[in-house]
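Engineer: Okay, handing you the structure first.
2 protein chains.
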Amino acid sequence: MTAQPGPARRRELHLNAFLKPPGEFLAAWRHPNAAADAGVNIRHVIELARTAERARFDAVFFADLVGVPFADQEVLSRVSVVNDSFEPTTLIAALATATSRIGLIATASTTYNEPYHLARTFASLDHISGGRAGWNLVTSLSDAEARNFGLDRHVDHELRYERAAEFFAVVTGLWDSFDDDAFHHDQMSGIYFDETKLHRLDHRGKHFAVTGPLNIARPPQGRPVIVQAGSSDRGRALAASVADVVFTQHADLAGAQAFYADLKATARAAGRDPDHVVVLPGLSTIVGRTLDEAEDRFDRLTSLLDPRVALADLAYWLGGVDLAAHPLDGPLPDLPPSNQSQSAQRAIVERARAGGLTIRQLAQQRARDVRTVVGTPETIADHIQEWFEGRGADGFNVIFPYLPDTLDDFATLVIPELRRRGLFRTEYTGRTLRDNLGLPRPPSRWALP
Amino acid sequence: MTAQPGPARRRELHLNAFLKPPGEFLAAWRHPNAAADAGVNIRHVIELARTAERARFDAVFFADLVGVPFADQEVLSRVSVVNDSFEPTTLIAALATATSRIGLIATASTTYNEPYHLARTFASLDHISGGRAGWNLVTSLSDAEARNFGLDRHVDHELRYERAAEFFAVVTGLWDSFDDDAFHHDQMSGIYFDETKLHRLDHRGKHFAVTGPLNIARPPQGRPVIVQAGSSDRGRALAASVADVVFTQHADLAGAQAFYADLKATARAAGRDPDHVVVLPGLSTIVGRTLDEAEDRFDRLTSLLDPRVALADLAYWLGGVDLAAHPLDGPLPDLPPSNQSQSAQRAIVERARAGGLTIRQLAQQRARDVRTVVGTPETIADHIQEWFEGRGADGFNVIFPYLPDTLDDFATLVIPELRRRGLFRTEYTGRTLRDNLGLPRPPSRWALP
């Protein structure tokens with residue numbers, strides 16, 4: 005069942021559609037073309053997934069928080085998606101029966117879940133979708149999330165990565181409970197599965213004690229695709245050792261190239277084939293038929309963002325720092341060490357320094373450090389091609405500032421341009437998400453070599 | 005949004021389709037017409053749900069265990085569904101987009117889950133399905149499940165019901181985080197929701213500390229339908245106070261009538277309208293055009309059950325007792341108190357005493373105490389009518405010994421007979437599962453009276 009060695013494959017560009025209806029931009033819901041209620045409008049989300057499937061994206065990808073990010077209720081009341089959206093595993097299950105080929109990636113936290121439930125949920129999703137499931141492994145971000153699970157503060161950065169590594173070992177162990185060929189369904193003899201092909205896990209570690217076995221057959225993909233976005237040292241080490249897809253964010257190509265080279269080298273040092281770690285930086289785009297049109301669209305969108313929301317969001321991603329104590333038209337202050345996402349904090353600081361931005365400028369430009377490329381189909385394709393061929397990226401997590409427009413534009417304007425350049429598929433060639441991504445099916449730990 | 009007082013409604017018969025592909029009977033997968041791989045065959049399960057929807061069942065219903073029930077691997081290898089089936093919440097999400105009107109009920113444990121996750125999952129399912137979700141609240145059964153969650157033994161019966169009550173209070177509190185009319189989506193003012201209509205839970209109890217709010221709008225049904233099957237004193241008290249639907253099992257009509265009267269009285273004493281607690285005993289049927297044909301079908305099915313499996317299953321439902329230490333052709337021994345399902349143990353003991361059965365007879369008849377009625381469409385309709393009109397039942401959880409045949413037979417033979425008698429709907433009249441069940445939409449705890 006594993007991939008056979010064969011002739012070297014041509015390197016392929018991969019595109020995930022990072023969907024956060026009604027759009028990644030915090031004020032997206034105010035755009036006149038946006039569906040303001042998109043967070044809980046299943047018909048709308050199905051249409052987005054079908055659009056992405058028609059465009060032959062590798063996968064749709066749903067982020068997640070297990071709480072709300074802003075304590076200030078006045079700020080909170082002005083944003084949409086973080087308050088009011090589907091839980092991702094149930095959402096991708098619903099999309100599985102409303103689509104047929106596209107991959108389906110849901111985020112779930114190792115800090116506030118039990119590995120038995122998570123292994124089972126994603127195995128079930130992989131069976132339901134016929135091998136199209138992916139798990140974006142996160143360790144969660146904030147104290148607000150911790151407080152929904154009996155804790156006062158978010159679990160310490162080191163400890164939650166330690167827990168994540170053990171969690172991953174338990175989950176993958178549970179997925180291997182049954183060998184791929186365990187189930188005979190032999191109606192005559194009455195033997196449903198070969199008992200020698202069942203393996204109890206009997207895990208006893210620092211964080212978990214899990215006997216197993218998992219009560220479901222091995223996932224069609226062996227393992228659902230593992231996505232990881234940690235860019236701190238601990239996060240990067242985890243990604244290099246376990247991730248099939250790495251979601252990252254960089255302010256420029258040089259930073260992306262350095263990360264790309266480091267991650268592939270670390271994966272190789274960990275005994276992995278670096279081609280089997282697909283590096284996808286985030287890429288937010290606003291497309292126009294002309295540059296002027298694209299810039300008008302961007303200006304119109306950013307004008308919708310309430311400055312209070314922008315500032316609260318910046319403070320959130322900086323780890324909950326109190327920005328009100330500093331002049332808004334001055335530079336970003338030195339920040340204390342954060343217990344939240346260290347990579348997010350670092351990326352924002354890098355952007356502020358590179359651009360010489362004030363707090364107000366930084367907040368208003370974009371409340372979250374995702375690179376937004378504003379341009380024509382040609383200039384955006386240039387950007388993609390430059391990063392791909394320059395080995396800053398194996399493709400992109402394409403982020404949509406407001407939906408459905410920026411997805412429709414990307415699908416109808418940018419993807420055809422990428423195809424004209426021979427950079428992107430016209431049809432799905434495989435059956436599973438691993439096939440889409442050019443990844444082999446991992447053998448069970450119990451399989452003979 | 006709550007139901008208005010109005011003229012007394014005619015009492016309606018309710019039918020849930022209790023689906024456990026390839027069938028409830030442990031050897032169902034060996035039946036030549038069964039899909040042996042049905043546990044993880046999504047096309048097959050979708051077809052079953054669509055059949056149930058065409059027949060106008062109130063809901064499909066999926067049971068669950070968070071582990072495997074038998075330690076003996078030789079026994080385990082001869083059964084299907086308990087080893088190898090979809091996780092129920094992901095399954096009903098997938099069914100939500102493959103059906104349009106039927107209710108979708110999934111089982112989830114209060115003993116081995118976090119209330120924040122569970123509240124969110126079922127709120128999401130209710131939004132995805134347009135108000136068709138139900139939660140079968142269980143406290144789990146066995147030590148084998150406990151060992152997948154860091155414990156050596158299943159949580160004590162009293163303690164897990166105490167936890168269940170607090171868990172339920174947290175979940176329903178989280179569902180009321182946003183008022184029904186909180187979301188304005190006012191694009192002009194930038195106010196997404198009215199901040200005065202958001203309520204943080206700030207729960208601190210013995211088992212849980214959960215701040216909230218839940219990050220999703222109030223479920224379309226206010227609360228997904230709550231199903232509960234506890235029949236012990238603690239379980240019955242919980243059901244009377246929180247359940248919309250009670251799933252129960254009785255050996256005869258007199259027992260059912262006593263339970264029904266007691267539960268309705270207890271609900272009334274708890275300040276609830278007894279008509280809003282729908283009592284559905286399990287009803288397993290084998291239908292034939294003649295009684296001989298039905299009995300042949302039943303004999304053929306039961307002949308497929310391996311005696312080792314039957315005996316292991318009986319021991320499991322008796323609370324893990326070692327039956328091998330007793331003569332198989334002698335009576336059931338006195339049993340020590342069980343930490344597992346007390347109602348299941350009691351029902352089996354009652355059946356053994358009522359029938360004067362030996363251990364072997366008890367095990368072989370049916371390894372689980374569900375009443376199987378073997379008959380023609382007319383005799384089965386007689387049974388349903390007698391229990392319904394005799395107030396032993398408001399309807400039934402219809403249990404299918406092997407699938408798809410016994411569902412197809414029930415849909416095409418029994419339901420038309422019930423309709424001829426004016427007992428069962430020909431069309432769905434409401435939009436939500438609560439509508440199907442004749443239940444009002446619960447107001448938020450924050451709503452003005």
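As you go down the protein sequences, you meet chains F and R in turn.
If you use my numbering, the first sequence closes out at 453, no skipped numbers anywhere.
If you use my numbering, the second sequence closes out at 453, no skipped numbers anywhere.
Note that beta-carbon positions come from the ideal geometry of N, C-alpha and C, so glycine has one too.
List the residues of chain R that Thr93 (chain F) touches, going by C-beta distances under 7 Å, in chain order.
Structural biologist: Here the neighbours are Thr94.
Engineer: Quick one: what does DSSP say Leu19 (chain R) is sitting in, helix, strand or coil?
Structural biologist: DSSP places Leu19 (chain R) in strand when its eight states are reduced to three.
Engineer: Assuming Leu308 (chain F) and His121 (chain F) make a contact with CB atoms under 8 Å, what is their CB distance in whole Å?
Structural biologist: About 39 Å separates the two Cβ atoms, so there is no contact after all.
Engineer: Under the rule that 16 or more other beta-carbon atoms within 10 Å means buried, what is Ala262 (chain F), buried or exposed?
Structural biologist: So Ala262 (chain F) ends up on the exposed side.
Engineer: Would Phe90 (chain R) and Val64 (chain R) be called neighbours here (beta carbons separated by less than 9 Å)?
Structural biologist: No. Outside cutoff.
Engineer: List, in order along the chain, the chain F residues whose C-beta lies closer than 9 Å to that of Gly216 (chain R)?
Structural biologist: Residues of chain F passing the Cβ test: Gly71, Val72, Arg151, Asn152.
Engineer: In terms of alpha-carbon separation, which member of F:Glu118, F:Arg58, F:Ala127 lies closest to Glu149 (chain R)?
Structural biologist: Closest option to Glu149 (chain R), Cα to Cα, is F:Glu118.
Engineer: Under 7 Å Cβ-Cβ, which residues of chain F neighbour Asp310 (chain R)?
Structural biologist: Correct list: Gly194.
Engineer: Going by alpha carbons, who is nearest to Arg364 (chain R) out of R:Arg357, R:Pro340, R:Leu332, R:Leu242?
Structural biologist: Among R:Arg357, R:Pro340, R:Leu332, R:Leu242, the Cα nearest to that of Arg364 (chain R) belongs to R:Leu332.
Engineer: For Ile290 (chain R), name the three-state secondary structure that DSSP assigns.
Structural biologist: Correct three-state label for Ile290 (chain R): strand.
Engineer: Under 9 Å, do Leu404 (chain F) and Leu23 (chain F) count as touching if we go by C-beta distance?
Structural biologist: Looking at the sequence provided, one finds Phe at residue 404 (chain F) rather than Leu. Yes; because the gap between Cβ atoms is below 9 Å, this pair is in contact.
Engineer: Just the C-alpha distance for Ala258 (chain R) and Leu242 (chain R), rounded to the nearest angstrom, thanks.
Structural biologist: When rounded, the distance between both Cα atoms is 23 Å.
Engineer: Could you tell me whether the segment 222–234 of chain F touches the segment 175–195 of chain F, using the rule of 3 or more Cβ pairs below 8 Å?
Structural biologist: As far as the Cβ criterion goes, the segment 222–234 of chain F touches the segment 175–195 of chain F, which means the pair count is three or higher.
Engineer: Since Asp190 (chain R) sits in a beta bridge, which residues does DSSP pair it with?
Structural biologist: Note: Asp190 (chain R) sits in a beta bridge opposite R:Ile195.
Engineer: From Pro335 (chain F) to Leu361 (chain F), what distance separates their C-alpha atoms?
Structural biologist: Each residue's Cα considered, the two are about 7 Å apart.
Engineer: Report, in whole angstroms, the separation of the C-beta atoms of Ala319 (chain R) and Val325 (chain R), which I expect to be a contact under 8 Å.
Structural biologist: Contact flag correct, Cβ pair sits at about 6 Å.
Engineer: Secondary structure at Gln346 (chain F), three-state DSSP: helix, strand or coil?
Structural biologist: Helix, per DSSP.
Engineer: Assuming contact is defined by CB atoms lying nearer than 9 Å, are Val246 (chain F) and Phe212 (chain F) in contact in what I supplied?
Structural biologist: Not in contact: Val246 (chain F) and Phe212 (chain F) (Cβ atoms no closer than 9 Å).
Engineer: So within the segment 250–274 of chain R, which uninterrupted alpha helix (DSSP H) runs reach at least 4 residues, ignoring any that extend past its ends?
Structural biologist: Segments of the alpha helix (DSSP H) lying fully in the segment 250–274 of chain R: 257–273.
Engineer: Taking a Cβ distance cut-off of 8 Å, strictly less, list which residues of the segment 102–120 of chain F are near chain R, in chain order.
Structural biologist: Correct list: Ala102, Tyr116, Asn117, Glu118, Tyr120.
Engineer: Taking C-beta pairs closer than 9 Å, name the residues in chain F that Gln191 (chain R) reaches, listed in chain order.
Structural biologist: Per Cβ cutoff of 9 Å: Trp33, Arg34, His35, Pro36, Ala38, Ala40, Leu308.
Engineer: State buried or exposed for Arg167 (chain R), treating a residue as buried only when at least 16 other CB atoms are found within 10 Å of its CB.
Structural biologist: Under this definition Arg167 (chain R) is a buried residue.
Engineer: Could you tell me if the beta carbon of Asp183 (chain R) falls within a distance shorter than 8 Å of some heavy atom in the ligand ATP?
Structural biologist: The model on display carries no ligand, and the ligand ATP is accordingly not part of it.
Engineer: Among F:Gln346, F:Glu28, F:Ala351, F:Arg208, whose alpha-carbon lies nearest the alpha-carbon of Asp156 (chain R)?
Structural biologist: Ranking the options by Cα distance to Asp156 (chain R), first place goes to F:Arg208.
Engineer: Along the segment 125–148 of chain R, what residues have a CB closer than 7 Å to any CB found in chain F?
Structural biologist: Answer in chain order: Thr125, Ser128, Leu129, His131, Ile132.
Engineer: Output yes if chain F places a C-beta closer than 9 Å to the C-beta of Val83 (chain R); else output no.
Structural biologist: Output row for Val83 (chain R): interface = yes.
Engineer: So, are the CB atoms of Ala46 (chain F) and Thr101 (chain R) less than 9 Å apart?
Structural biologist: The question names Ala, but residue 46 (chain F) is Ile in the sequence shown. Yes.
Engineer: Measure the alpha-carbon distance for Pro285 (chain F) versus Val378 (chain F) and round it to whole angstroms.
Structural biologist: Approximately 16 Å between the Cα atoms of the pair.
Engineer: Going along chain F, which residues have a C-beta under 8 Å from Ser89 (chain R)?
Structural biologist: Per Cβ cutoff of 8 Å: Asn219, Ile220.
Engineer: In its own chain, which residues sit with a C-beta less than 6 Å from the C-beta of Val142 (chain R), not counting the 5 before and 5 after it?
Structural biologist: Counting only Cβ-Cβ distances below 6 Å, and skipping sequence neighbours, we find Thr111, Ser113.
Engineer: Report, in whole angstroms, the separation of the C-beta atoms of Ala314 (chain F) and Thr380 (chain F), which I expect to be a contact under 8 Å.
Structural biologist: With 8 Å as the limit, Ala314 (chain F) and Thr380 (chain F) do not qualify as a contact, their Cβ atoms being about 27 Å apart.
Engineer: Do you know offhand how far His387 (chain F)'s Cα is from Thr294 (chain F)'s?
Structural biologist: About 16 Å.
Engineer: Smallest Cα separation from Thr93 (chain F): which of F:Leu218, F:Thr306, F:Ala137?
Structural biologist: Per the Cα distances, F:Ala137.
Engineer: Quick one: is Asn152 (chain F) buried, meaning 16 or more other Cβ sit within 10 Å of its Cβ, or exposed?
Structural biologist: Flag for Asn152 (chain F) reads buried.
Engineer: When we look at the beta-carbon of Gly434 (chain R) and count the other beta-carbons within 10 Å, is it buried (16 or more) or exposed?
Structural biologist: By the neighbour-count rule (16 or more Cβ atoms within 10 Å), Gly434 (chain R) is not buried but exposed.
Engineer: Taking CB distances under 9 Å as the criterion, tell me whether Arg372 (chain F) reaches chain R.
Structural biologist: Because Arg372 (chain F) carries a pLDDT of 44, less than 50, the predicted location of this residue cannot be relied on, and no value is offered for it.
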